[in-house]
Each structure stands twice: as C-alpha cells, then as structure tokens.
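S.K.: Residue numbers (this note's numbering): 1 to 367.
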C-alpha cells in the first residue's frame, strides 16, 4: 500500500510519554488538541497507562453503563473522554496511539481517515506474528476477532484519532465493570468478548518487548503518512492546557454528565453486539438477552426477573436463532413458534416483535 501524502509537510512530532497515570493517558491528547495553533506540528503520542481504569464515551451515561460501586471498591478510576464509543477497561497491557493533527494532514472522508490510521497498526501487528487486517469502518480484526479499539473527534482546532495495540486483554474484568441488567446478560457479554476479542498474547502465546513494538509502530506510521517522525516534547502552553483538562475531567459535573440512550447493549466489535430488552409477560417480565452478529440473532435466551425459565417458550427461542433482526422475519417466527399459536392477539404479536426488535442498536428513531 502506497504512502498517503496530504497537504501538510515537514516532520511529525513523536511524543513517547511512557507509563502515565490513568488521567494523563486521556488528557494528554485532549490538551494537545486544545492548545493547537497553526504553528503546532502534527503530533503522534505513544504511551501506556501505569494503572488500570475504566473509560466511557462522551455521550454515555456513567451510572447506566458502569458498576461504579464495584469499580470504587477495587480502586479502579472511571473517566470520561471526549471521543465516542462505549465503556472500556484499559490497563498496562495496551500501548496507546494518539494522533493530534491538522485537518489538512488527513483525508477529508472519515472512512479513509480511519483506514489511514489503521495501516501502521496492522503493519505493526504483522511484524510480531499477528495476522491483522483492516475491517471497515474502523476496526482491525484477526480472523473475525477485534484487536484494536479506535475513536475519533474534532477537539479544539485539531483532528484526533486514538487507538491501541493490545498485548493482552482481561475479558473477565471488562465484563465485571459494566452495569448489566441481569447475570444472563453479563455472561453473554463475557462469552462474546472471549469469542470476538483477541490480543497479541492470545494469537502468539507471548508478549513482545514494548519498546520494540513502539519502534515498529513509529516506523510504519512514517511510511503510512509519508513523513518523518521526530522525537519531541510538550511546550509550556501544552502542559498548561493538559493541566486544565485534568481539572475538568476530574470534576463531578463532567464525569457524571447526563447522556446516553435507552438501548441496553454492549458493542463487542463492528459486527457483534450483546443486547437485552424486556417483554411484559402476564406471568412476569421476560428478559430477552441476545448476541447479534451482522444483523442476525446469533444467540438468544429468555429469563424472568426471578431467574426462572419460561419452558413453554423454548420453540420461540429456537426459532429466533440465526434469523435477521427485521420486522418481517421476527413476526413470522413469533406467529409460527409461540406456544399460544393462533390464540395470540395482534397486540401480543406486536409486543413480542417490538421487544425483539428493541435489541437492535440502530433502532433509535422509535425509542
């Protein structure tokens, strides 16, 4: 793949920040973006968080997404970032990659911007024996398993792209930090993370030297961008901007700002989500927990609030597996597989269909 040349020229500043606090691992790229002026060089930051923590997306509701009590009991900081995406568990088994660039240094189209950002990540993984591939729009996969988390935002006068190289990943802790509506949901998230997330250690059986990985990444980054990377440091103005972001990110107002939408689910990667919805059954609410893959119901289970099972609904459960998550397919299964059969009223059919379709992460307009 040929290097991509933008209108900006000159070397890119490389800041190797090393091991940083949880807070600084997020605020450094925000502060760089806010401090950016027309004279600021395009910048690539490499760092590793020195401590584990949880980070939520800008539009998420903290208490809805994260079990803050569990995190607090274990001393896990919980931070909010100004890029999108979901709640993630981050620790020292990841090398963070953060681009803070002028807009003209990057492709105008977002999909091409992510493809450019992914190139050095993919090349670095391949250097260390991981068969990584770019998966549009913004994922990197290994045989269908995600191995990079990415995000983007316009912050201040800068375009920001962030991602990571994952040496190892603790799916157990990731599952536990989330606030889930039921244990069935939590277990489905854990199984899905195990099935659809991976790491260098999982793929190769070991973790390479961190410095060697950082050096390989910097080399591939220069090739992708068609510009040299030169080591640099923060300016006094940038340090002050980062300090101000530190203060805002630790304020209760920013950390607990309202946000989010009522869909209850977790994005595993671009193609896979775990979601839960509720059907108001006369004998007690039915929780519908499902794994969705490429628009199909990959796995599904029903439970009651008292953790009992609706044995009579097993044919319906079986019928929902491996069907597309659309109104026609779901309504056909409900009519054909529900034990009440023709005795179902139109309202009951609509209720079941609506509850199943509520699993869809893209079904926002009708919520």
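The beta carbon of each residue, even a glycine, is placed where N, CA and C say it ideally should be.
Evaluate residue 151 with the Cβ neighbour count: other Cβ atoms within 10 Å of its Cβ, from every protein chain shown; 16 or more gives buried, anything less gives exposed.
M.R.: So residue 151 counts as buried.
S.K.: Could you check what DSSP says for residue 199 in three-state terms: helix, strand or coil?
M.R.: Three-state DSSP puts residue 199 in coil, outside helix and strand.
S.K.: Starting from the Cα of residue 113, find the closest Cα among 224, 16, 53, 220 and give me that residue.
M.R.: It is 224 whose Cα lies nearest to the Cα of residue 113.
S.K.: Give me the DSSP bridge partner(s) of residue 164.
M.R.: Residue 164 is bridged to 96.
S.K.: Counting along the chain, where does the beta strand (DSSP E) carrying residue 302 start and finish?
M.R.: 296 to 304 is the extent of the beta strand (DSSP E) around residue 302.
S.K.: Considering only DSSP beta bridges, list what residue 276 is partnered with.
M.R.: In the DSSP output, where bridge partners are listed per residue, residue 276 has 264, 289.
S.K.: Where DSSP assigns a beta bridge to residue 152, which residues make up the other side?
M.R.: 161.
S.K.: Return the chain-ordered ranges of every alpha helix (DSSP H) run that is complete within the stretch 21 to 69 and spans a minimum of 4 residues.
M.R.: Those alpha helix (DSSP H) runs which fall completely within the stretch 21 to 69 and span 4+ residues are 22 to 35, 62 to 65.
S.K.: What's the call for residue 362, buried or exposed, on a 16-neighbour Cβ count within 10 Å?
M.R.: Result: exposed.
S.K.: Put residue 18 into one of helix, strand or coil per three-state DSSP.
M.R.: Reduced to three states, the DSSP call for residue 18 is strand.
S.K.: Can the beta-carbon of residue 35 be found closer than 7 angstroms to that of residue 258?
M.R.: No, the pair does not count as a contact, with Cβ atoms beyond the cut-off.
S.K.: In whole angstroms, give me the CA-to-CA distance for residue 353 and residue 206.
M.R.: Going by the C-alpha atoms only, they are around 46 angstroms apart.
S.K.: Taking only runs of the beta strand (DSSP E) that begin and end inside the stretch 199 to 231, which ones reach a length of at least 3 residues, in chain order?
M.R.: As far as the stretch 199 to 231 is concerned, its whole beta strand (DSSP E) runs of at least 3 residues are 229 to 231.
S.K.: Please report the distance separating the alpha-carbon of residue 360 from that of residue 296.
M.R.: Spanning the two alpha carbons is a distance of roughly 10 angstroms.
S.K.: Keeping to the same chain, check which residues put their C-beta closer than 6 angstroms to that of residue 320; ignore five residues upstream and five downstream.
M.R.: Here the set comprises 297, 300, 333.
S.K.: So the candidates are 335, 356, 355, 339; which of them puts its Cα closest to the Cα of residue 346?
M.R.: Closest by alpha carbon: 335.
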